[in-house]
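Visitor: Note that the numbering used here has the sequence shown beginning at 181, numbered continuously upward. If you scroll down you'll find the structure; I have some questions about it.
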Amino acid sequence: MDKSKLKNLIFIFLYALFTLIVLLCHEIWADEAQVWLVVRDLNLFEIIEHVRTEGHPLLWYFLVLPFSKLNLSVFSMQILSWFIMSTAAGFFLNKTPFNTFCKISILCSSAFLYWFSVISRSYCLIPLLIFVLAWLYKKQKEHPYLYTLTLILLANTHIIMFGFCFALMVLFMFENIIKEKNKKAIIPFSLTTISLSSIVVYLFGSSKENVIVQTFTPDFSLNGLFDVYSKIVFNLFGYTNIFMNILLLCFLLFVMIFLFQKDRKIFFVYLTNLLYQGSIFVFVWSILPQRAFCLLFVCVFCLWVVCESKTKNIISFSIAFIFLLTIPEGINLITKDFKYPFSDGQNTAEFIKKNIPKDAFILSNYPITTTPVSAYLPKNQWKFYYKGYNDFYTYTIWNKPIPLSFTPVPLAEAMKEHKIVYVIMSAGAFYEDVKPIYTSKNNVLTNQERFNIYEFRR
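Shown next as structure tokens:
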């Protein structure tokens, strides 16, 4: 084994070990728990119907499904995302043309050390698939099926990647069918077109059935657009100021100008993705750190495929610079996750298992935030009742009424039918004159996932 491979192997081992240690200290929160509960508690056809209302493609749900159906714990989903990110780290170290400093900078970023490896969501698939696409880009004529399959998989990770995948599909058509007249590319292109079209058909109009997306109000003023940009900066670096705003803007402009000079086709991909993701942030969804980092990973892709020996250093150091700026926030996040519960769902579930009967009637004041509790409870043994659903639930049902604020529970009505009623209240909501039988500590990082549990007897 040569020195470079040995060095990469050591880096991969250290990365995997460190992120696994952080993962062992992390309690899943609502967005992570939602996926687990949907695939655990629904059959295949119900999953397909439900996920459409969440506005997500199905790939991550199908990957998690076998683990849930085998009655494994939710930790298996966390291990899956950790394994995928460890694979992405190994692939990146061994295949990228960038220098070692750039490689280590990306692996030490808050994206790799925390947001994509520790938080178990579909985003964990994106770095690996982007890296594989970059590696295959210049080999697409020899491996059109492998290239387009990777493209299809990436499109099915999250809607945030659709614009990027669409641009690459158009470029594949131009390069291989129109320009080269390669008949072997027609079938893989057709399959890609069908796949991306099916995503549009599947998700079309789903935002109208999602009560949270419906409450998202676009602001097209200059102040509104600047606020969106500032939120991107904040989600990448943990804080925002005029200096950080200018730094990110300079990096994005550098990439744009560099690509325009080096390769107009990749410039088209970059610009399409920039406009698409910007539109998503303005029109559809709020900004999360993982979504903001998708913008940077597309930059990595574009610079990877145009990288040459003459430009290797300038590309490597520019990428390293922007990812290095995220390291302090990564250290901050990891330190907090070591010291405090990310969510109190796991502790609350342990209390319920030990102190509340399995057939107990448990009222909830807000279904979104209790999903982490349900994820740590055994299937079909404890469920919460929410008046807005008029039914018991474990996962959030997005196309049914959900209040924008935490609402009182119909306690008096429930007491007429049940001798003992338990009430679980989220976000620290409480009854002033009643002592709870369980109270979360105030140091929970996700404030809305602090719980009070009350017991009422008739």
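Just so you know, even glycine gets a beta-carbon here, dropped at the ideal spot from N, CA and C.
#1: Determine the extent of the beta strand (DSSP E) in which L476 is found, giving its start and end residues.
#2: What span of residues does the alpha helix (DSSP H) with N535 cover, start to end?
#3: Under 8 Å: do the segment 487-496 and the segment 369-376 share three or more Cβ pairs, one atom per stretch?
#4: Within a Cβ cutoff of 7 Å, which residues of the same chain sit near L383, ignoring the five residues on either side of it in sequence?
#5: In chain order, what are the residue ranges of uninterrupted alpha helix (DSSP H) at least 4 long that sit wholly in the segment 290-346?
#6: Identify whether F384 lies in helix, strand or coil by the three-state DSSP scheme.
#7: Going by Cα to Cα distance, which pick from S523, Q457, L348 and A269 is closest to K621?
#8: Near S289, what residues of its chain come up, given a Cβ to Cβ distance below 7 Å and the 5 sequence neighbours on each side ignored?
#9: Under 7 Å, do T549 and E612 count as touching if we go by C-beta distance?
#10: Could you check where the alpha helix (DSSP H) with I227 kicks off and where it finishes?
#11: Can you have a look at K563 and say buried or exposed, based on whether 16 or more other CB atoms are within 10 angstroms of its CB?
#12: Looking at the structure shown, is S489 part of a helix, part of a strand, or coil, going by DSSP?
#13: Whole angstroms are fine: how far does the CA of L194 sit from the CA of T284?
#14: What three-state label does DSSP hand E635 in the structure shown?
#15: Three or more beta-carbon pairs under 8 Å between the segment 313-327 and the segment 535-542, yes or no?
#16: For E207, count neighbouring C-beta atoms within 10 Å of its own C-beta (all shown protein chains included) and say buried if the count is 16 or more, exposed if not.
#17: For L313 and L331, which I take to be in contact (beta-carbon distance under 8 Å), what is that distance rounded to the nearest angstrom?
#18: How far does the beta strand (DSSP E) with S401 in it reach, from first residue to last?
#19: When DSSP labels each residue in this structure, what does V601 get in the three-state scheme?
#20: Could you spell out where the beta strand (DSSP E) holding L543 opens and where it closes?
#21: Per the DSSP calculation, F564 is bridged to which residue(s)?
#22: Check whether the segment 272-287 touches the segment 184-200, counting contact only when three or more Cβ pairs, one atom from each stretch, lie closer than 8 Å.
#23: Can you tell me whether DSSP reads T280 as helix, strand or coil?
#24: Helix or strand or just coil, what does DSSP make of T550?
Guide: Working from what's here:
#1: Unbroken run through L476 is the alpha helix (DSSP H), P469 to V486; no beta strand (DSSP E).
#2: First-last of the alpha helix (DSSP H) with N535: G525 to N535.
#3: no
#4: R232, G235 and I339
#5: 305-316 and 324-335
#6: coil
#7: S523
#8: F503, T506, I507 and G510
#9: Between T549 and E612, the C-beta spacing is not below 7 Å.
#10: L224 to E234
#11: buried
#12: coil
#13: Here the sequence assigns Ile to residue 284, which means Thr is not the residue at that position. Cα-Cα distance, rounded: 11 Å.
#14: strand
#15: Judged by Cβ distances under 8 Å, the segment 313-327 makes no contact with the segment 535-542, as fewer than three pairs qualify.
#16: buried
#17: 6 Å
#18: It is not in any beta strand (DSSP E) - S401 carries neither H nor E in the DSSP assignment.
#19: strand
#20: F541 to S544
#21: I542 and Y573
#22: They touch, by the three-pair rule.
#23: helix
#24: coil
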